[in-house]
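Reviewing the structure listed below.
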Amino acid sequence: MYGTRPEDIAEVLGLLGEDVLLLSYEEQRRFASVSLNRFGAIGSARLDWHGADVVERHDGFDGEALASLLGAHAGPDELVVVFWDDLAVPSIALPASLAARHAEAILWVGYACWFLLTDSGMVIEFQDGEGLTAGRPPADGPGGTDGTGEATG
């Protein structure tokens, strides 16, 4: 099931060019284990930020708001992993500056997506119509690891 619909992001991949990496299932799971999996879930596609270190909430829910958050919290060359709310759409990794430049196109892919800033471990959650939340995942969350690679939850 994972990555079976790369055509859903073909336009975005065309804009991003050679600096974007399409992640394998194993790579996607590794990045998720240190980020999204540490959160509880509210419904099927929303992070439970209880216990997380929320750094910033932004009322805007467009490319400009995302670019602003990326500019404030990521170095220009920091690797950013993008997860969409549909596992059939493969996750991608790209430099933060490129993600900021094409933020609007990235957000158009789905109603919800998440961005892992790999150097800082910060996660940005996008929910269409509801804004953006940026913060660090709980240290020991459901389905995550305890920092040693051992599964928790």
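Take 1 as the starting number for the sequence shown in full-length UniProt numbering and just add one per residue.
Yeah, the Cβ is synthetic: ideal placement off N, Cα and C, and Gly gets one too.
Going by DSSP, residue 64 is part of the alpha helix (DSSP H) stretching over 63–73.
In the DSSP assignment, residue 79 falls within the unbroken beta strand (DSSP E) covering 79–84. Following the DSSP letters along the chain, one finds residue 31 inside the alpha helix (DSSP H) bounded by residues 25–33. Put simply, of 64, 101, 85 the residue whose alpha carbon is nearest the alpha carbon of residue 5 is 85. Ranked by Cα distance from residue 112, the first of 120, 16, 62, 27 is 62. For a cut-off of 8 Å, the C-beta gap from residue 134 to residue 82 is around 14 Å, too long to register as a contact. For residue 96, the enclosing alpha helix (DSSP H) begins and ends at 96–101. The three-state reading of DSSP puts residue 131 in strand, counting E and B together.
Annotated as distal: residue 15 and residue 69, with beta-carbon spacing of 7 Å or more. Beta-bridge partners assigned by DSSP to residue 124: 115, 134. By the neighbour-count criterion, in which a residue is buried when 16 or more other Cβ atoms sit within 10 angstroms of its Cβ, residue 106 is buried. For residue 56, the beta-bridge partners assigned by DSSP are 134.
Residue 8 places its beta carbon 7 Å or farther from that of residue 98. Beta-bridge annotation (DSSP): residue 93 is paired with 21, 81.
Membership of residue 12 in the alpha helix (DSSP H) is indicated by the continuous run 10–16.
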